[in-house]
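Position 21, counted from 1, in the sequence shown is what the numbering used here calls 1; the numbers after and before it change by one each time, with no gaps. Note that the Cβ used here is the ideal one computed from N, Cα and C, for glycine as well.
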Amino acid sequence: MILARSGKTLLGYNSVVRALKRSTPKIKAVILAENTPEDKKKTIVYYAR
């Protein structure tokens, strides 16, 4: 809940990947569900680096 109250939050794979590609504003944290498909998880980790 702290992250949700501290600023802008994004929900959904496409929104997160788009924001990571732009990286404006700088993303501070990405929280992945335990059941996130492996291919989507790899994509998010790739763009988060």
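If residue i sits next to residue j, beta carbons under 8 angstroms apart, how far is it from one beta carbon to the other, in whole angstroms?
i        : j       : result
Lys1     : Tyr26   : Contact doesn't hold; Cβ gap of about 10 angstroms is too wide.
Val(-3)  : Thr23   : 6 angstroms
Leu(-10) : Ala(-1) : 6 angstroms
Return helix, strand or coil for residue i, following the three-state DSSP convention.
i     : result
Glu18 : helix
Ala13 : coil
Ser3  : coil
Thr23 : helix
Arg29 : coil
Quick one: Cα of residue i to Cα of residue j, how far?
i     : j     : result
Glu14 : Lys21 : 10 angstroms
Leu12 : Lys6  : 18 angstroms
Ala9  : Asp19 : 19 angstroms
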